[in-house]
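K.L.:
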Ligand SMILES: Nc1nc2c(ncn2[C@@H]2O[C@H](COP(=O)(O)OP(=O)(O)OP(=O)(O)O)[C@@H](O)[C@H]2O)c(=O)[nH]1
Ligand SMILES: Nc1ncnc2c1ncn2[C@@H]1O[C@H](COP(=O)(O)OP(=O)(O)OP(=O)(O)O)[C@@H](O)[C@H]1O
Ligand SMILES: [Mg+2]
Ligand SMILES: [Mg+2]
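Chains as they are written, first to last, in the numbering used here: chain E, 1 to 418; chain B, 1001 to 1404.
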């Protein structure tokens, strides 16, 4: 068993609330509930009566009846915001008491874009930890929608503690180039709900190596960069390796290419009671082989009670300074070639050579010939990883009392303790 | 023998460097001649991180003090703090030769057993403070000289710290040609000016919340029972506000001082504070409730940590003279209410007693440490044997202090 300075007192219960805002947000929530029997409390909020009556969410608010006269927002965020103000009392009653509030919306329309900042602000004032999970629209939806999404995102940034921001363009372009918009949305939704359930697991996990709140916030705080996300699971032999492969194949990691650009990365590994430290080390070693040396890596590990549960690897992060570029430095192929496109590769089957696999990247004109040492360097997963959110105390000796990093604002740490 | 002498106290604080020039009268009164100050640069959590900048600030503060007091400064008494400073209580013993009366020799023998205290290898003792003597197991002996017995024991409160880190503070002063008479831990210095014998006897805690650190010292039954440093201060509150309200650090500092409060009661839900726009900052509305909540959380947590530390040695409700708050952060509105809710004993603010002079500086909690230094110097003058000075810096600060 690893001893690790606990950042949070995880004895106390966390109450998570998942809010779907607007059509897109509600779709994602519904998918989560229908596909995972999601355990979290959920709340659907919309101006559109119809979508409200069909949702699986446990609580529903049809907002802004006076403002919109049931006619929707016409894609105007101002109307969306007015509608939310009109129903602010009702919203407040439904969200108060949750320690963690996930706000899920497709930005660009009227309802989600207009109401999300206000809902985030209200949740924040209630003292909840606010995590926004949002998409920005496809470029084919037009400039107006992009602008509306951008300004809404800026507002949300003021109140949310963490933001997972996904670009529809990127998800679509990277998934199925010829897919219809409907299908594409389905795939996006899938990624979004996976990221939400991973995050929820991460913040409520009890270890053996919990991810501390500041670590998580450090990785997800800034919304300007869109989010890197990948998640995979596997059972049987070499399950760690296979789960990682699947995770890396995520379009949001640009099939693994973006890993090299990651400035901050959170790796979360969970598994059945048989999960061993050796497996964790192996996964970490494989990941670190593909990371830039300056990347900051945070590791979390949790074991479930359920002996039949798979080993899952979740990777979340932000790009480093460099924006995404086409050609990437060479990455030494340390893993065996990957199977392609099944969500979970059958663990026993021999993986076959694939054309577009993660490691067969365009070789950059040897910009960094010695970038990667050939010998695998072993990442020490046992060390506590440096937390941030320490602001002006970033570079000086941390104030640690009874295992807690007191440089992190008290009010942030209290949120999950309540 | 008591003499009239001018002493200079110097604190290189996280927020400000300050020097106090004062004359100590025979009757124990301290008369301020001048106070020099300079904002600090290169100091974090009470320790120097940028040597050159810090040294310049020390120079500025000392020049300022010279000018105001019309006294040429050659040497100073220096306050030190930092998270590396720790303390512990020890019992030690000597056998009384021939089973006769206890003499000066046994007292000196027992005092010199500092060397036997086991410390981390980079540490050395800053203060070794006598708590009480035992003669043949009988406790509470105040003056054992002349008492007969076969075994003399004594409890000491030892304050120690990392030698390198203390030396870097000393070097910062020596660099500009000023001598360091001695170094004194912040809390020990502040207690000199804030406490009298009655308070020490009935039990009291001094808490100095500065910019980078909180120094505390606990007295009970007339002796030091506990002391320490927690590297939390006003900078943390400022940083919390910066992160929580998403405003620049300079605005956060200003907001804290002008509007900051730790009071949660009777907040009308929607009260807003408007921050005007400024270069590089587009202005903003802040919720009063959020502001107070952030400050309250930090102070409440700090007091809880302190309460636990105090409880290790004395039940808090036995502190007859309660808690005395000082340091810049004691000026935060509502801090007393937060402290009272945690400690459940009366909480007072520092008023430096028995200090007179041309300034009202001694009302300023930010100067408690510095004025305390002068008082400490005066007490040492009056009591300590000359030969223990200037040997090694560390041995010079190791005193058998009845006077603390
Ligand atoms: N992932 C996903 N994104 C969607 C879906 N539907 C719409 N979007 C995206 O989300 C953005 C906002 O669309 P809606 O959610 O319909 O808008 P709204 O927030 O309800 O606001 P209104 O304009 O009032 O309808 C769109 O510009 C799309 O980019 C969906 O089912 N899944
Ligand atoms: N009126 C006020 N209200 C609130 N805070 C104040 C006020 N005045 C000063 N402070 C805060 O007090 C702190 C400085 O206190 P002080 O001067 O005692 O610290 P210092 O001695 O420089 O630092 P340290 O002892 O921690 O090294 C700063 O954080 C400052 O913001
Ligand atoms: Mg809609
Ligand atoms: Mg101070």
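From the three backbone atoms N, C-alpha and C, an ideal C-beta is built for every residue, glycine too.
Counting pairs of Cβ atoms below 8 angstroms between the segment 99 to 116 of chain E and the segment 132 to 146 of chain E, do you hit three or more?
P.N.:
Yes: the two stretches touch, three or more of their Cβ pairs being nearer than 8 angstroms.
K.L.:
Could you spell out the range, first to last residue, of the beta strand (DSSP E) harbouring residue 1087 (chain B)?
P.N.:
Taken as a continuous stretch (DSSP letters only), the beta strand (DSSP E) holding residue 1087 (chain B) covers 1086 to 1095.
K.L.:
Would you kindly report the start and end of the unbroken alpha helix (DSSP H) that includes residue 1238 (chain B)?
P.N.:
Where residue 1238 (chain B) is concerned, the enclosing alpha helix (DSSP H) stretches over 1234 to 1245.
K.L.:
For a test of your reading of the model: does the CB of residue 1332 (chain B) fall under 6 angstroms from any non-hydrogen atom of ligand 2? Yes or no.
P.N.:
Checking the Cβ of residue 1332 (chain B) against ligand 2 gives yes.
K.L.:
Does chain E have any CB closer than 7 angstroms to the CB of residue 1231 (chain B)?
P.N.:
Closer than 7 angstroms: yes.
K.L.:
Residues of chain B with CB closer than 9 angstroms to the CB of residue 137 (chain E), please, in chain order.
P.N.:
Residues of chain B passing the Cβ test: none, with the nearest at roughly 26 angstroms.
K.L.:
Note down the Cα distance separating residue 392 (chain E) from residue 303 (chain E), rounded to an integer number of angstroms.
P.N.:
One C-alpha to the other measures close to 35 angstroms.
K.L.:
Looking only at DSSP bridge pairs, what is residue 132 (chain E) linked to?
P.N.:
According to DSSP, which records beta bridges pairwise, residue 132 (chain E) is partnered with E:103 and E:163.
K.L.:
Going by the C-beta, is residue 1013 (chain B) closer than 6 angstroms to any heavy atom of ligand 5?
P.N.:
In the structure shown, ligand 5 is absent; the only ligands present are ligand 1, ligand 2, ligand 3 and ligand 4.
K.L.:
Mind checking who residue 1208 (chain B) pairs with in its DSSP beta bridge?
P.N.:
Beta-bridge pairing links residue 1208 (chain B) to B:1215 and B:1326.
K.L.:
Give me the chain E residues within the contact set of residue 1293 (chain B), using Cβ-Cβ distance strictly less than 8 angstroms, ordered along the chain.
P.N.:
Per Cβ cutoff of 8 angstroms: 127 and 411.
K.L.:
For residue 1065 (chain B), tell me which candidate among B:1045, B:1082, B:1008 and B:1113 has the shortest Cα-Cα distance.
P.N.:
For residue 1065 (chain B), the nearest C-alpha among the options comes from B:1008.
K.L.:
For residue 378 (chain E), which of helix, strand or coil comes out of DSSP?
P.N.:
At residue 378 (chain E) the pLDDT is 28, less than 50, meaning the model places this residue with poor confidence and gives no usable figure here.
K.L.:
Would you call the CB atoms of residue 314 (chain E) and residue 268 (chain E) closer than 7 angstroms?
P.N.:
The answer is yes: Cβ separation under 7 angstroms.
K.L.:
Hey, is the segment 1122 to 1141 of chain B in contact with the segment 1214 to 1223 of chain B, meaning 3+ C-beta pairs nearer than 8 angstroms?
P.N.:
Flag = yes, the segment 1122 to 1141 of chain B and the segment 1214 to 1223 of chain B touch.
K.L.:
Between residue 168 (chain E) and ligand 1, is there a pair consisting of the residue's CB and a ligand heavy atom that are separated by less than 6 angstroms?
P.N.:
True, at least one ligand heavy atom lies under 6 angstroms from that Cβ.
K.L.:
Please report how far the alpha carbon of residue 57 (chain E) lies from the alpha carbon of residue 1245 (chain B), in whole angstroms.
P.N.:
Residue 57 (chain E) and residue 1245 (chain B): Cα-Cα distance of roughly 32 angstroms.
K.L.:
Determine the direct distance from the alpha carbon of residue 127 (chain E) to that of residue 242 (chain E), and round the result to whole angstroms.
P.N.:
So the alpha carbons of these two residues sit roughly 40 angstroms apart.
K.L.:
By Cβ distance, which residues of its chain are closer than 6 angstroms to residue 1346 (chain B), with the 5 residues on each side in sequence left out?
P.N.:
Around residue 1346 (chain B): 1322.
K.L.:
Would the C-beta of residue 23 (chain E) count as close to ligand 1, meaning under 6 angstroms from any of its heavy atoms?
P.N.:
Within the cutoff, so yes.
K.L.:
Express the C-alpha separation of residue 298 (chain E) and residue 198 (chain E) in angstroms, rounding to a whole number.
P.N.:
Distance between the alpha carbons of residue 198 (chain E) and residue 298 (chain E): 15 angstroms.
K.L.:
Can you find a C-beta in chain E that's less than 7 angstroms from the C-beta of residue 1271 (chain B)?
P.N.:
Chain E, which has no Cβ nearer than 7 angstroms to the Cβ of residue 1271 (chain B), makes this no.
K.L.:
Do the segment 1287 to 1299 of chain B and the segment 408 to 415 of chain E meet, that is, are 3 or more Cβ pairs less than 8 angstroms apart?
P.N.:
Yes: at least three Cβ pairs fall under 8 angstroms.
K.L.:
Would you verify that the beta carbon of residue 1301 (chain B) is, or is not, closer than 7 angstroms to some beta carbon of chain E?
P.N.:
So, interface residue.
K.L.:
Please look up how many angstroms separate the CB atoms of residue 124 (chain E) and residue 159 (chain E), rounded, as I've assumed it's under 8 angstroms.
P.N.:
Indeed they touch by this definition, with Cβ atoms about 5 angstroms apart.
K.L.:
Residues of chain E with CB under 7 angstroms from residue 1240 (chain B), in chain order?
P.N.:
In chain order: 409, 410 and 411.
K.L.:
Within its chain, find whatever has a CB closer than 7 angstroms to the CB of residue 1276 (chain B); leave out the 5 residues flanking it on each side and keep chain order.
P.N.:
The answer, listed in chain order, is 1283.
K.L.:
Should residue 1237 (chain B) go down as buried or exposed, given a rule of 16 or more other Cβ atoms within 10 Å for buried?
P.N.:
Residue 1237 (chain B) is buried by the Cβ-count criterion.
K.L.:
Using a beta-carbon distance below 7 angstroms, is residue 154 (chain E) in contact with chain B?
P.N.:
So no, residue 154 (chain E) is outside the interface.
K.L.:
If you draw a straight line from the alpha carbon of residue 65 (chain E) to that of residue 283 (chain E), how long is it in whole angstroms?
P.N.:
Roughly 52 angstroms between the two C-alpha positions.
K.L.:
Measuring only the C-alpha atoms, how far is residue 54 (chain E) from residue 311 (chain E)?
P.N.:
If you take the alpha carbons of residue 54 (chain E) and residue 311 (chain E), they lie about 34 angstroms apart.
K.L.:
Which word fits residue 60 (chain E), buried or exposed, when buried means at least 16 other C-beta atoms lie within 10 angstroms of its C-beta?
P.N.:
It is buried - the Cβ of residue 60 (chain E) has at least 16 other Cβ atoms within 10 Å.
K.L.:
Hey, quick one: how far does the alpha helix (DSSP H) through residue 1255 (chain B) stretch, first residue to last?
P.N.:
First-last of the alpha helix (DSSP H) with residue 1255 (chain B): 1249 to 1259.
K.L.:
Do we get a CB-CB distance below 7 angstroms when we pair residue 401 (chain E) with the residues of chain B?
P.N.:
It does; some Cβ of chain B falls within 7 angstroms.
K.L.:
Using only CA atoms, which one of E:301, E:77 and E:263 lies nearest to residue 116 (chain E)?
P.N.:
When only C-alpha atoms are compared, the closest one is E:77.
K.L.:
Who are the neighbours of residue 1246 (chain B) on chain E, taking C-beta pairs under 7 angstroms?
P.N.:
Those are 158, listed as they occur along chain E.
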